[in-house]
Amino acid sequence: MSVAVESGGSPNILRRADVKISAERGQREVFCGLTGIIWLHRKIQDAFFLVVGSRTCAHLIQSAAGVMIFAEPRFATAIIDERDLAGLADANEELDRVVNQLLARRPDIKLLFLVGSCPSEVIKLDLSRAALRLSARFSPQVRVLNYSGSGIETTFTQGEDACLASLVPSLPARPADAPANLLVVGALADVVEDQMRRLFDDMGLGETAAQAAVDFFPPRRSTELPAVGPNTRYLLAQPFLADTARALEERGAKRIDAAFPLGADGTLRWLQAAATAWKVDEARFRRATQPAYERAQRALLRYREQLCGKRIFFFPDSQLEVPLARFLANELGMELIEVGTPFLHRAHLAAELELLPPGTSVVEGQHVDNQLDRCYAAKPDLVVCGLGLANPLEARGLSTKWSIELVFTPIQGFNQAADLAELFARPLVRRTRLVA
Amino acid sequence: MQLTVWTYEGPPHVGAMRVATALKNVHYVLHAPQGDTYADLLFTMIERLPRRPPVTYTTFQARDLGGDTAGLFQRAVSEAYERFKPEAMLVGASCTAELIQDDPGGLSRALQLPIPVVPLELPSYQKKENWGAAETFYQIVRALAGPQAPPPGFKRPPREAGTRASCNILGPTALGFRHRDDLRAITQILGQLEVDINVVAPLGATPADLSRLGDADFNVLLYPETGAQAATWLQRAFDQPTVKTIPIGLSATREFIAEVARLAGSDPAPALHGAPSNSSWYSHSVDSTYLTGKRVFVFGDATHAIAAARIASEELGFTVVGLGTYSREFAREVRAAAEALGAVALITDDYLEVEAKVAELQPELVLGTQMERHIAKRLGVPCAVISAPVHVQDFPARYSPQMGFEGANVIFDTWVHPLMMGLEEHLLTMFRGDFEFNDAAPASHLGSTAAMPDPTPRAAEAATSEAAPAGAVRDSARGSLWAPDAEKELGKIPFFVRGKARRNTERFAAERSVELITVETLYDAKAHYSR
Numbered sequence: 001m002s003v004a005v006e007s008g009g010s011p012n013i014l015r016r017a018d019v020k021i022s023a024e025r026g027q028r029e030v031f032c033g034l035t036g037i038i039w040l041h042r043k044i045q046d047a048f049f050l051v052v053g054s055r056t057c058a059h060l061i062q063s064a065a066g067v068m069i070f071a072e073p074r075f076a077t078a079i080i081d082e083r084d085l086a087g088l089a090d091a092n093e094e095l096d097r098v099v100n101q102l103l104a105r106r107p108d109i110k111l112l113f114l115v116g117s118c119p120s121e122v123i124k125l126d127l128s129r130a131a132l133r134l135s136a137r138f139s140p141q142v143r144v145l146n147y148s149g150s151g152i153e154t155t156f157t158q159g160e161d162a163c164l165a166s167l168v169p170s171l172p173a174r175p176a177d178a179p180a181n182l183l184v185v186g187a188l189a190d191v192v193e194d195q196m197r198r199l200f201d202d203m204g205l206g207e208t209a210a211q212a213a214v215d216f217f218p219p220r221r222s223t224e225l226p227a228v229g230p231n232t233r234y235l236l237a238q239p240f241l242a243d244t245a246r247a248l249e250e251r252g253a254k255r256i257d258a259a260f261p262l263g264a265d266g267t268l269r270w271l272q273a274a275a276t277a278w279k280v281d282e283a284r285f286r287r288a289t290q291p292a293y294e295r296a297q298r299a300l301l302r303y304r305e306q307l308c309g310k311r312i313f314f315f316p317d318s319q320l321e322v323p324l325a326r327f328l329a330n331e332l333g334m335e336l337i338e339v340g341t342p343f344l345h346r347a348h349l350a351a352e353l354e355l356l357p358p359g360t361s362v363v364e365g366q367h368v369d370n371q372l373d374r375c376y377a378a379k380p381d382l383v384v385c386g387l388g389l390a391n392p393l394e395a396r397g398l399s400t401k402w403s404i405e406l407v408f409t410p411i412q413g414f415n416q417a418a419d420l421a422e423l424f425a426r427p428l429v430r431r432t433r434l435v436a
Numbered sequence: 001m002q003l004t005v006w007t008y009e010g011p012p013h014v015g016a017m018r019v020a021t022a023l024k025n026v027h028y029v030l031h032a033p034q035g036d037t038y039a040d041l042l043f044t045m046i047e048r049l050p051r052r053p054p055v056t057y058t059t060f061q062a063r064d065l066g067g068d069t070a071g072l073f074q075r076a077v078s079e080a081y082e083r084f085k086p087e088a089m090l091v092g093a094s095c096t097a098e099l100i101q102d103d104p105g106g107l108s109r110a111l112q113l114p115i116p117v118v119p120l121e122l123p124s125y126q127k128k129e130n131w132g133a134a135e136t137f138y139q140i141v142r143a144l145a146g147p148q149a150p151p152p153g154f155k156r157p158p159r160e161a162g163t164r165a166s167c168n169i170l171g172p173t174a175l176g177f178r179h180r181d182d183l184r185a186i187t188q189i190l191g192q193l194e195v196d197i198n199v200v201a202p203l204g205a206t207p208a209d210l211s212r213l214g215d216a217d218f219n220v221l222l223y224p225e226t227g228a229q230a231a232t233w234l235q236r237a238f239d240q241p242t243v244k245t246i247p248i249g250l251s252a253t254r255e256f257i258a259e260v261a262r263l264a265g266s267d268p269a270p271a272l273h274g275a276p277s278n279s280s281w282y283s284h285s286v287d288s289t290y291l292t293g294k295r296v297f298v299f300g301d302a303t304h305a306i307a308a309a310r311i312a313s314e315e316l317g318f319t320v321v322g323l324g325t326y327s328r329e330f331a332r333e334v335r336a337a338a339e340a341l342g343a344v345a346l347i348t349d350d351y352l353e354v355e356a357k358v359a360e361l362q363p364e365l366v367l368g369t370q371m372e373r374h375i376a377k378r379l380g381v382p383c384a385v386i387s388a389p390v391h392v393q394d395f396p397a398r399y400s401p402q403m404g405f406e407g408a409n410v411i412f413d414t415w416v417h418p419l420m421m422g423l424e425e426h427l428l429t430m431f432r433g434d435f436e437f438n439d440a441a442p443a444s445h446l447g448s449t450a451a452m453p454d455p456t457p458r459a460a461e462a463a464t465s466e467a468a469p470a471g472a473v474r475d476s477a478r479g480s481l482w483a484p485d486a487e488k489e490l491g492k493i494p495f496f497v498r499g500k501a502r503r504n505t506e507r508f509a510a511e512r513s514v515e516l517i518t519v520e521t522l523y524d525a526k527a528h529y530s531r
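Next up, the structure:
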């Protein structure tokens with residue numbers, strides 16, 4: 001099936017018919033949105049995530065990332081039991097009791113997310129009302145917000161989207177006559193964020209009142225929320241933020257269309273989009289970005305040798321698949337067999353789809369057994385997949401890269417381009433090293 | 001609702017997966033939303049199985065809820081049957097699907113598949129993983145062996161003279177704590193006892209194997225958490241006695257051999273003498289005298305915790321100060337074992353409660369799960385892992401059983417290595433002024449992060465504290481003051497026991513409302529606690 005990429009309503013996007021987008025349904029082998037808590041709690045350092053769910057939810061979070069390394073994490077589960085279901089205990093009173101217990105234990109918490117799960121959604125436990133009620137009780141010390149990370153509504157990284165979207169209404173308002181500001185949206189590793197900030201500074205953003213102040217969202221501390229208003233232009237740093245984008249647009253912010261900052265080329269395009277929006281002088285942009293861009297390209301050279309011509313197959317996981325595939329194909333010469341993605345946001349990914357090699361097969365959704373059949377038949381050199389599939393594929397002689405590492409590792413920006421390439425080269429190098 | 005930071009057990013359907021994955025030619029269709037597929041990684045990443053667990057998830061979404069989730073489930077069952085061609089199927093619901101009440105059993109019956117389909121009712125909001133494994137194993141055993149069961153009241157005739165006895169081994173599952181290696185150790189012992197193994201289940205058994213469980217003369221139950229229910233039913237249905245001794249530790253292994261030999265009518269001597277034990281000799285060796293009376297805290301599943309407490313007290317000469325389990329199903333047994341040892345019993349699945357108890361009891365060694373390992377690390381106490389929940393480290397490349405004579409050796413090494421060797425203690429005391437053995441250097445055997453750093457410049461703190469008399473240092477937690485000479489005397493105590501001495505002294509002072517801790521208080525406390 002070959003369909004045109006939808007334009008998403010933006011007249012700037014060219015229509016192309018040469019990326020084959022298809023959809024399939026069946027068993028999905030993906031995490032639910034609760035998993036995002038694992039990186040979000042590291043990013044927002046004074047936030048606590050309380051999942052209101054079942055023992056399965058608690059078990060998922062502690063298993064998903066081997067997170068038992070953290071002595072006392074800033075996340076927990078309020079496990080629903082049969083008394084809550086039978087109505088013997090008022091679930092709302094129970095939740096209040098658990099939150100009291102939690103906040104007494106952790107007075108350092110400034111922001112509490114009540115995170116909905118499959119069971120809490122199905123029994124229609126109204127966490128938004130609970131959040132209002134608890135916020136009223138604990139403010140101003142603690143703000144309480146809610147979002148859903150349930151598997152019936154969210155896939156893996158969509159948990160971050162839901163979390164950030166829930167934060168948007170509490171962003172301070174930026175007056176309509178305030179100068180334009182740039183908001184970079186999506187959790188990035190602190191080291192990446194600092195690099196990006198330096199690049200924006202070198203480009204001259206934030207230099208004068210007439211120029212843009214650059215803010216990152218989410219902030220490292222919940223007390224440092226950036227302001228948003230009609231003069232806010234935002235640049236997505238992650239491709240999975242559909243609801244957050246919508247919420248920002250409701251606050252008047254406007255999106256800058258761009259490729260995502262993966263790879264040297266992707267990062268340059270991403271920065272260029274901001275530069276263009278702010279009419280940064282071409283020479284200045286070049287001065288600011290050229291050294292880092294060229295250094296990234298040099299660093300990529302050795303991985304290009306290792307990866308060029310290798311065939312890669314993506315199972316759907318994080319929605320990062322399309323930009324990653326674009327990077328691997330265009331900057332490292334890999335051949336894309338199938339690019340699976342759990343969900344394809346055609347407008348946010350328009351610039352990425354434009355850059356994919358003609359004929360690339362993008363598959364939205366999943367039927368894991370059929371997909372495994374296609375994968376075995378194609379015999380790719382490298383498979384990008386989740387933790388449940390990796391070892392079974394390795395045992396059949398296929399090299400794999402576990403996709404979860406791609407959301408936990410700093411991979412965005414010029415200085416991480418080679419690190420990102422190395423993540424894909426390592427399984428192949430390893431296979432050539434092992435003789436026994 | 002229960003506030004849960006860590007959970008010792010997964011939900012009951014994960015227990016069912018452990019059974020399904022252990023069995024051969026069985027497929028499990030689980031009505032569940034997409035996130036529940038995380039459970040696959042327990043098997044592929046923690047146990048490092050080279051294949052996917054035989055589980056199909058329906059992965060329904062919110063938009064399906066208004067529609068036909070029942071139809072979705074039936075399609076998943078049909079497709080799984082067509083694709084995997086199992087000899088038997090398990091069907092059930094995870095926690096979310098339980099709420100939408102689609103009746104997986106009825107829906108799959110309506111499909112009239114030509115194989116046994118066993119419906120599982122696993123109440124996710126009451127029960128947990130081990131219960132789910134036990135229930136699943138029992139249900140599939142009943143479904144497949146049941147048709148072969150003799151009429152009620154059947155009495156097993158005595159075995160014909162000259163024939164070898166045979167037994168089933170019950171309990172080992174996928175994702176079990178050392179089940180693979182225990183099975184090898186026990187198989188070897190049974191061979192020495194000239195007992196044939198009829199079926200091992202669930203690990204490695206096919207549906208056909210399960211249907212002939214009744215052929216064995218008796219059952220060996222290795223893991224009551226997962227196998228007791230099935231063993232009880234087999235005992236009733238086929239008049240098969242159950243060997244109940246769990247062969248963990250030297251004494252228990254000897255008793256196990258005696259029990260099996262009695263049931264099988266075989267000579268226990270070759271098995272008893274077949275495996276000389278290093279652990280027994282090492283424990284008698286003079287360098288082990290420093291182990292005497294070490295205070296240990298034991299926590300795990302009931303089987304491993306009870307066994308560990310016995311080994312600790314009888315085979316290593318430790319003092320068990322606390323014994324606990326998260327297996328509420330076996331609370332009575334654990335309480336009885338604790339009482340016999342004069343130890344505090346703790347029955348809880350609340351990690352925070354366990355943490356508080358360890359801090360309170362101040363053990364010198366923690367024998368627990370991976371979670372207690374973290375508690376112990378934080379408190380600067382050595383720790384060895386004795387029980388599930390499993391971690392990738394619990395699947396070592398080498399043969400490393402917990403059961404049998406080799407298991408006793410493994411346990412000796414695993415528990416003793418985290419402790420400081422006696423000789424090493426003396427040397428460190430002698431050389432503690434040495435530049436490499438100074439107090440600030442963390443103990444190398446605990447790893448760089450494990451040692452609890454002695455809270456250093458207390459004197460510096462004191463200098464800025466207005467309320468404190470000159471030089472005296474306020475104990476932050478309880479409010480007693482350390483006189484400078486007492487603080488200095490404390491510094492003469494070897495660093496690896498200094499933390500304990502400080503805590504004991506402060507507790508002693510607090511209990512007696514002693515405002516200022518002097519050298520005398522320090523030694524009063526020492527005398528008090530060394531009673």
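So the protein lines, in turn, are chains A and B. Heads up: the first sequence begins at 1 in our numbering, then just goes up one per residue. Heads up: the second sequence begins at 1 in our numbering, then just goes up one per residue. No residue lacks a Cβ here, since even glycine has one placed at the ideal position from N, Cα and C. All of these numbers come straight from a predicted model, not from anything done at the bench.
Chain B contact residues for residue i, given Cβ-Cβ distances below 8 Å
i	result
residue 315 of chain A	In chain order: nothing, as chain B lies at least about 12 Å away.
residue 391 of chain A	44, 45, 48, 49 and 50
Beta-carbon spacing of residue i, residue j below 8 Å
i	j	result
residue 252 of chain B	residue 307 of chain B	yes
residue 312 of chain A	residue 378 of chain A	no
residue 301 of chain B	residue 388 of chain B	yes
residue 19 of chain A	residue 353 of chain A	yes
residue 24 of chain A	residue 322 of chain A	no
residue 174 of chain B	residue 18 of chain B	yes
residue 347 of chain B	residue 373 of chain B	no
residue 76 of chain A	residue 50 of chain A	yes
DSSP beta-bridge partners of residue i
i	result
residue 368 of chain B	B:385
residue 322 of chain B	B:297 and B:344
residue 108 of chain A	Residue 108 of chain A pairs with nothing; no bridge assigned.
residue 92 of chain B	B:30
residue 201 of chain B	B:170
residue 173 of chain A	A:228
residue 144 of chain A	A:112
Cβ-based neighbour list, residue i, same chain, cut-off 6 Å, excluding 5 preceding and 5 following
i	result
residue 299 of chain A	418
residue 32 of chain B	57, 94 and 97
residue 127 of chain B	12
residue 318 of chain B	294, 296 and 312
residue 453 of chain B	Its pLDDT being 42, under 50, residue 453 of chain B is placed unreliably in this model, and the coordinates cannot settle the point.
Beta-carbon neighbours of residue i, restricted to chain B and to distances below 9 Å
i	result
residue 81 of chain A	1, 2, 125 and 126
residue 362 of chain A	Result: empty, since nearest Cβ-Cβ is about 20 Å, beyond 9 Å.
residue 494 of chain A	A question about residue 494 of chain A goes unanswered here, because the residues of chain A that appear run from 1 up to 436.
Within chain A, the residues that residue i reaches when beta carbons sit closer than 8 Å
i	result
residue 65 of chain B	122 and 152
Cross-chain neighbours of residue i in chain B, by beta carbon under 7 Å
i	result
residue 84 of chain A	1
residue 31 of chain A	35 and 38
residue 60 of chain A	35 and 38
Cβ neighbours of residue i in the same chain (closer than 8 Å, five flanking residues each side left out)
i	result
residue 25 of chain B	86, 87, 88, 206 and 207
(request) Flag this pair as touching only if the stretch 134-152 of chain A and the stretch 107-118 of chain A have three or more C-beta atom pairs under 8 Å; answer yes or no. (result) Contact annotation: the stretch 134-152 of chain A touches the stretch 107-118 of chain A, with at least three C-beta pairs closer than 8 Å.
(message) So, does the stretch 260-271 of chain A touch the stretch 232-240 of chain A, judging by three or more C-beta pairs under 8 Å?
(response) The stretch 260-271 of chain A vs the stretch 232-240 of chain A: in contact.
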